[in-house]
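**Q** Below you'll find the structure I mean.
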Amino acid sequence: MHIIEDGNSAAALGVKLCRANVIAAYPITPQTPLTERLSEYVESGEMKAEYIPVESEHSALAVCIAASSAGARVFTATSANGLLYMHEQVQWASGARLPIVMCVVNRAVGAPWNVWNDQQDSISQRDTGWIQIYCADHQQIIDTVIKAYWLAEKVSIPIMVCYDGYILSHTYMPFDLPDQEKVDAFLPPFQPEYALNPDEPANLNTVTLPDVRLDVQGELAHGYMEIRYLLQEELRTTLKTAAEAEKRFAGIFGRGGDPYIEPYRCDDADYVAVGLGSITYQLRVCVDALRKESIKVGVMGIRYYRPFPDEAIANALKGKKGVIVFEKAISYGYEGALMSDLKSALYEHLAGTGSLPPVQNFIAGIGGREIRTDDLTQALRAAIKSRVSKEPTWIGLKL
Amino acid sequence: MNKDFIEIRWHGRGGQGAITAAKIVAGAAFISGYAGVVMAPTFGTERRGAPVMTSLKISKEKIYDLTPIETPDIVVVLDHLLLKEANVTHGLKPGGIIVLNTPKAHESYNFKNFRLATADITAISVEAGLPHGMVNTGIIGSLERATNLLGIEMLIKGIENEFRTRKPQKNSLAAKIAFERTVAGD
Amino acid sequence: MQAKTNILSLPTQEFVHPGTRACTGCGLSIAYRVGLKALGKDTILVVPPSCLTVLQGLFPIASTKLPCLNVTFASTAAAATGILATLKTQGKEHITVAAWAGDGGTSDIGLQALSGAAERGDNFIYFCYDNEGYMNTGAQRSGTTPIGAVTANTPFKGKQQQKKDVPAIMAAHKLSYVAACSAAYPLDLYDKIKSCVNLPGTKYFHIHIPCPPGWGYDPRYGIKIGRLAVETGYYDLYEIVNGEFKLTAASEKLVEKRKLIPVREYFRSQSRFKILTDAQIADIQNQIDAKWANYYKKDE
Amino acid sequence: MGTRNYRRKTSHSEHGPGDGGRTGSWRVERPVLDQNLCIPCKRNKEACFICWLFCPEIVISRTIPPRFDLEYCKGCGICAEECPTKAITMADEAKFSEDEKDKE
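Chains as they are written, first to last, in our numbering: chain H, 1 to 399; chain W, 1001 to 1186; chain V, 2001 to 2300; chain P, 3001 to 3104.
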């Protein structure tokens, strides 16, 4: 059934369909409508869950960490400074290997205060050991939430489902609301490997030594480094599991495709624009316009930012005459983080093959600065014509 | 007006329900076969009484451009006093339509190059039994009279569905009366 | 009212193994051991970084026989809420959730989460074991370090500020139960835990914990010093049940006796108070006497 | 030998004694009981057990006579200090020969 709702509602409906047991959240714009929705579902009895109105984002994730450790399927959501305030807990959740799903409704971070969209918040959490998935429309938001629970629980790694604040969170558009029965078929109840319980006492996340150590049975147990190595190793193999999730989802719901990247008119393209989130759909409009000028250009949305699908990206960009990376965040002091990651993927897979494309970087929409489609098209056109700058170019800057 | 892709900009005040009105029209459009429907309120801090804008794009195909409307085909103004506070015709395409809630006569306005439709929705809504100031359903009737876009029946259904727990009949009655009484110019 | 527990009626079942990493003569070990006896097997623990983290053991061996979640410093009470919420959804509300945090983890960095959980009325027991400093990191001052105590970061002048009254802060949340206990009075702690388990909402315990390295005394005198804190009227044992304040155990008896040991004896038992002057001690003695005059008046 | 097949991906500890190792080696003095002074010993019935109650390390048994687990006893001396009849005294660990230590 298709409904017309805003992006936050799409996320909330996804969480409801996944039958999350424990939800904890602290209000922050533009996440609030999402968690308000969930509190409505819980209070009205539409959803059987515990909704905890915590006193901070740090506590929101604390509740989720503890609830997940006790065996619950959990959810939280935040934005901007809320996510930054959580940072310690974000690292804790992945180190504890808890399948938490959190929506990040992307918003600029302070200072100065700004409530509008960019992606500095989630990008700054890149190295926390979470899976990060970016959405470009409401269908992707609701479907990704559902897939995220399956994947997170399969690999025991938490997932951030990221979508642009306001641009998606507060915009209404139609999307298919999956049937509960189908979601139930896709996503079985959470069966944790271990859940805190007095009949099988275990002490979780204790101090762990630099070196390995014998356990009470005389078996050699990991040191801190082994535990952290396994997180990295399993994040890398998560790419395969994500493909499995996508296939499984497509089998039941009849939609879905390549989980890592979303190419549009890329096959015959000489130039490819790359980005994360809703800007990649906007770029489709630019691509269509430039195609009318006989410029062979395509756009590739990157769905998984972590684990980074380096091979899929390199394969898709092999032999292109140019790659133009559009970002709503920057690694201050250098360039866009995606730009750096993308260049390293290309270098790894294409260096010396003669098919290594040159790459350029645009920064756009920082702090909600409107990205006019004409400006975006113009930037793309200019980058295709010649190298614009060695440094990242800020679109729409009025200095 | 190109009926494959229509851009409607709504001008109201915080709390007046412009978003709900746009959402009803969006729903009716989607059911009528417009696969692409995107409704986006002004982003930021919404304060009751302050002027607000909402963008509604209706397209036969999925819409990928979510940026605010720059050149609307139609502007809907829920309060005639907004004419003094906001440049409601900004970017309006030549020959574009203005749907205006006003107690004043149609003749008292002179919008060059645009087509004006007026009705006293505030009075009509009270007549339909709604509380004073609730104009977001009535204005839909005026919009349909002025544009002939989706058919009044479809919109009435949308209104009654949206307001199913909050006086659906009175709300749809306001739209019906407004549809009858709207004065639309050429 | 239930009969008071004595040593012979105290359950013999232990929930802590010997051979922990706690310091020799650790006061926390005593309070924790007896506290867990009162909580019993059907308990899930939450512990932030603190001396208890070390006492509980390093991976992969745990000294505690109860399930325990180690959490970040500031999140103890919120984590307790999370476990509770899950137990509710699992229909396992007979399980007690108990948080054990140090005084820094409670009065300083953990206060926000604790206040949040208490305000929500989440049904768990929170234990603040108060050894009056960040002992796990080498004895720095905390919000509950008493005035005049030399610590690793108040090295010469001693702490200049008053001890933060955390039980009073928690009582202001209108909790069903707030208690002040001491490791030197383990049976009082035991009975208080037993008495409040079935009360609704958050229950708060403040436990005074003598700490040999942090306070500067020979480990063998730990209980004596804990007792001295009470018998000088410096640290009081009490409970606040649904808003009703009542001195308990040895503190209650002091009201009958109308006689306190001079607080000087307490200060002179620990090297951390070595810089306290006679004038300062006299000043503190006056404050104690005024506090007790009030207790005596209420008793009349 | 590696830990790849270790069953947990996380720091998941299971309980057992002696996490801190044989903490008896921390001791510089050991408790020695004089049964002639010990209340439960004298009465030959369950009584007192103050030493058991206050032992931080849980190395004193609640038995007649109370026994010290010297494998883990850190020698804090609280038992000696709290014993109401001074039945427990702390003796210099150096007085006990290596042989005797091994026997314990």
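Yeah, the Cβ is synthetic: ideal placement off N, Cα and C, and Gly gets one too.
Does DSSP put lysine 2291 of chain V in a helix, a strand or coil?
**A** Residue 2291 of chain V sits at position 291 when you count from the first residue of the third sequence. Residue state, collapsed to three classes: helix.
**Q** Is there at least one Cβ from chain V nearer than 8 angstroms to isoleucine 3064 of chain P's Cβ?
**A** Residue 3064 of chain P sits at position 64 when you count from the first residue of the fourth sequence. No, no contact with chain V.
**Q** Assuming phenylalanine 249 of chain H and aspartate 137 of chain H make a contact with CB atoms under 8 angstroms, what is their CB distance in whole Å?
**A** To locate residue 249 of chain H, count along the first sequence from 1; it is residue 249. To locate residue 137 of chain H, count along the first sequence from 1; it is residue 137. Wrong, their Cβ atoms sit about 16 angstroms apart, outside the cutoff.
**Q** Report the option in V:Tyr2295, V:Asp2108, V:Asp2165 and V:Leu2045 whose CA atom is closest to the CA atom of lysine 2257 of chain V.
**A** For this step, residue 2257 of chain V is matched to residue 257 along the third sequence. Out of V:Tyr2295, V:Asp2108, V:Asp2165 and V:Leu2045, V:Tyr2295 has the C-alpha closest to the C-alpha of lysine 2257 of chain V.
**Q** Find the nearest neighbour of serine 2142 of chain V within the set V:Ser2050, V:Asp2299, V:Ala2038 and V:Asp2289, judged by alpha-carbon distance.
**A** The residue labelled residue 2142 of chain V in the question sits at position 142 within the third sequence. Checked all of V:Ser2050, V:Asp2299, V:Ala2038 and V:Asp2289; the closest Cα to serine 2142 of chain V is V:Ser2050.
**Q** I need the DSSP call for tryptophan 113 of chain H, collapsed to helix, strand or coil.
**A** Against the first sequence, residue 113 of chain H aligns to sequence position 113. Tryptophan 113 of chain H: coil per DSSP, three-state reduction.
**Q** Taking beta-carbon pairs under 9 angstroms, can you tell me which members of the stretch 3035-3067 of chain P lie near chain V?
**A** Taking 9 angstroms as the Cβ-Cβ cut-off against chain V, the residues of the stretch 3035-3067 of chain P that qualify are Glu3046, Ala3047, Cys3048, Phe3049, Ile3050, Trp3052, Leu3053, Phe3054, Cys3055, Pro3056, Glu3057, Ile3058, Val3059 and Arg3062.
**Q** Can you tell me where the beta strand (DSSP E) with asparagine 1101 of chain W in it begins and where it stops?
**A** Numbered from 1 along the second sequence, position 101 holds the residue referred to as residue 1101 of chain W. Looking at the DSSP string, the run of the beta strand (DSSP E) that includes asparagine 1101 of chain W is 1097-1101.
**Q** Taking glutamate 2014 of chain V as the reference, give the member of V:Thr2064, V:Ala2003, V:Lys2004 and V:Val2047 with the closest Cα.
**A** What you label residue 2014 of chain V is simply residue 14 of the third sequence in a count that begins at 1. Among V:Thr2064, V:Ala2003, V:Lys2004 and V:Val2047, the Cα nearest to that of glutamate 2014 of chain V belongs to V:Thr2064.
**Q** Checking the sheet assignment: what are the DSSP bridge partners for leucine 2010 of chain V?
**A** Taking the first residue of the third sequence as position 1, residue 2010 of chain V is located at position 10. Partner(s): none; leucine 2010 of chain V has no beta bridge.
**Q** Taking DSSP as the reference, what is the three-state secondary structure of asparagine 2242 of chain V?
**A** Position 242 of the third sequence, counting from 1, holds the residue named residue 2242 of chain V. Three-state result, asparagine 2242 of chain V: coil.
**Q** Run down chain H in chain order and give the residues with a C-beta less than 8 angstroms from the C-beta of aspartate 2042 of chain V.
**A** Here the question's residue 2042 of chain V lines up with position 42 in the third sequence. Those are Pro198, listed as they occur along chain H.
**Q** Return the chain-ordered ranges of every beta strand (DSSP E) run that is complete within the stretch 1041-1081 of chain W and spans a minimum of 3 residues.
**A** You should have 1051-1059 and 1074-1077.
**Q** Does any CB atom of chain V fall closer than 8 angstroms to the CB of proline 201 of chain H?
**A** Residue mapping note: residue 201 of chain H aligns to position 201 of the first sequence, counting from 1. For proline 201 of chain H, the answer is yes, since a Cβ of chain V falls inside 8 angstroms of its Cβ.
**Q** Does the beta-carbon of threonine 3063 of chain P have 16 or more other beta-carbons within 10 angstroms, so that it is buried, or is it exposed?
**A** Start at 1 with the first residue of the fourth sequence, and residue 3063 of chain P comes out as number 63. That one is exposed.
**Q** Throw me the rounded Cβ distance for the arginine 265 of chain H and arginine 291 of chain H pair, which I believe falls under 8 angstroms.
**A** Working through the first sequence from its first residue, we reach residue 265 of chain H at position 265. Working through the first sequence from its first residue, we reach residue 291 of chain H at position 291. Correct: roughly 7 angstroms between the Cβ atoms.
**Q** Take glutamate 2239 of chain V as the anchor and find which of V:Ile2261, V:Ile2193 and V:Lys2274 has the nearest alpha-carbon.
**A** Position 239 of the third sequence, counted from the first residue, corresponds to residue 2239 of chain V. It is V:Ile2193 whose Cα lies nearest to the Cα of glutamate 2239 of chain V.
**Q** What are the residues of the stretch 206-234 of chain H that lie near chain P, defined by any Cβ-Cβ distance shorter than 9 angstroms?
**A** Hits within the stretch, in order: Thr206, Val207, Thr208, Val212, Asp215, Val216, Gln217, Glu219, Leu220, Ala221, His222, Gly223, Tyr224, Glu226, Ile227, Leu230, Leu231 and Glu234.
**Q** Starting from glutamate 3014 of chain P, find everything on chain H with Cβ-Cβ shorter than 7 angstroms and list it in chain order.
**A** Working through the fourth sequence from its first residue, we reach residue 3014 of chain P at position 14. Under the 7 angstroms cutoff, chain H gives Ala202, Asp215 and Val216.
**Q** Please give the ranges of any beta strand (DSSP E) in the stretch 2008-2068 of chain V, keeping only runs that are unbroken, at least 3 residues long and fully inside the region.
**A** Within the stretch 2008-2068 of chain V, the complete beta strand (DSSP E) runs of at least 3 residues are 2043-2047.
**Q** Tell me whether asparagine 205 of chain H sits in a helix, a strand or coil according to DSSP, three-state version.
**A** The residue given as residue 205 of chain H occupies position 205 in the first sequence. Note: asparagine 205 of chain H maps to coil in three-state DSSP.
**Q** Tell whether a beta-carbon distance below 8 angstroms holds between alanine 60 of chain H and alanine 20 of chain H.
**A** The residue you call residue 60 of chain H lines up with position 60 of the first sequence. The residue you call residue 20 of chain H lines up with position 20 of the first sequence. Contact flag unset, no.
**Q** Who are the near neighbours of glutamate 3104 of chain P in its chain, counting only those whose CB is closer than 8 angstroms to its CB and skipping five residues on each side?
**A** Here residue 3104 of chain P is taken as the residue at index 104 of the fourth sequence, counted from 1. For glutamate 3104 of chain P, the pLDDT reaches just 48, beneath the cut-off of 50, and the residue's location in the model is therefore unreliable, leaving the point undetermined.
**Q** I'd like to know if the stretch 2211-2224 of chain V and the stretch 2058-2077 of chain V are in contact, where contact means that at least 3 CB-CB pairs between them fall below 8 angstroms.
**A** They do not touch, by the three-pair rule.
**Q** Can you tell me the Cα-Cα spacing of histidine 3015 of chain P and glutamine 132 of chain H, whole angstroms?
**A** As a working note, residue 3015 of chain P is residue 15 in the fourth sequence. As a working note, residue 132 of chain H is residue 132 in the first sequence. In a straight line, the C-alpha of histidine 3015 of chain P is about 36 angstroms away from that of glutamine 132 of chain H.
**Q** Cβ of phenylalanine 1163 of chain W less than 8 angstroms from any chain H Cβ?
**A** Within the second sequence, residue 1163 of chain W is the residue found at index 163, counting from 1. Judged by the 8 angstroms Cβ criterion, phenylalanine 1163 of chain W is not in contact with chain H.
**Q** Have a look at isoleucine 1063 of chain W and valine 105 of chain H and give me their C-alpha separation to the nearest angstrom.
**A** As a first step, residue 1063 of chain W is located in the second sequence; it is residue number 63 there, counting from the start. As a first step, residue 105 of chain H is located in the first sequence; it is residue number 105 there, counting from the start. Their Cα atoms are separated by approximately 21 angstroms.
**Q** Please state if the CB of arginine 228 of chain H and the CB of proline 2060 of chain V are separated by a distance shorter than 8 angstroms.
**A** Residue numbering aside, residue 2060 of chain V sits at position 60 when the third sequence is read from its first letter. Residue numbering aside, residue 228 of chain H sits at position 228 when the first sequence is read from its first letter. Against a cut-off of 8 angstroms, the Cβ pair of arginine 228 of chain H and proline 2060 of chain V comes out as no contact.
**Q** Would cysteine 2026 of chain V pass as an interface residue toward chain P - the criterion being a Cβ-Cβ separation below 8 angstroms?
**A** As a first step, residue 2026 of chain V must be located in the third sequence, where it is residue number 26. By this cut-off, cysteine 2026 of chain V is an interface position.
**Q** Alpha carbons only, please: which of H:Ile313, H:Leu231, H:Asn117 and H:Asp258 is nearest the one belonging to serine 344 of chain H?
**A** Here residue 344 of chain H is taken as the residue at index 344 of the first sequence, counted from 1. When only C-alpha atoms are compared, the closest one is H:Ile313.
**Q** Are the C-beta atoms of isoleucine 261 of chain H and some chain W residue less than 8 angstroms apart?
**A** As a position in the first sequence, residue 261 of chain H is number 261, starting the count at 1. It does not; no Cβ of chain W falls within 8 angstroms.
**Q** Would a C-beta distance cut-off of 8 angstroms place isoleucine 2207 of chain V and serine 2182 of chain V closer than the cut-off?
**A** To locate residue 2207 of chain V, count along the third sequence from 1; it is residue 207. To locate residue 2182 of chain V, count along the third sequence from 1; it is residue 182. Yes, they are a contact pair.
**Q** With a 10 Å radius around its C-beta and 16 neighbouring C-beta atoms as the bar for buried, classify leucine 1173 of chain W as buried or exposed.
**A** Translated into the one-based positions of the second sequence, residue 1173 of chain W becomes position 173. Per the 10 Å Cβ criterion, buried.
**Q** Methionine 1154 of chain W by DSSP, collapsed to three states: which one?
**A** Position 154 of the second sequence, counted from the start, is the residue given in the question as residue 1154 of chain W. Helix at methionine 1154 of chain W.
**Q** In terms of alpha-carbon separation, which member of H:Val161, H:Lys154, H:Met1 and H:Ile52 lies closest to leucine 83 of chain H?
**A** Taking the first sequence and counting its residues from 1, one reaches residue 83 of chain H at position 83. When only C-alpha atoms are compared, the closest one is H:Val161.
**Q** Could you check whether the stretch 117-132 of chain H touches the stretch 360-373 of chain H, counting it as contact only if at least three pairs of C-beta atoms, one from each stretch, sit closer than 8 angstroms?
**A** Segments in contact, yes.
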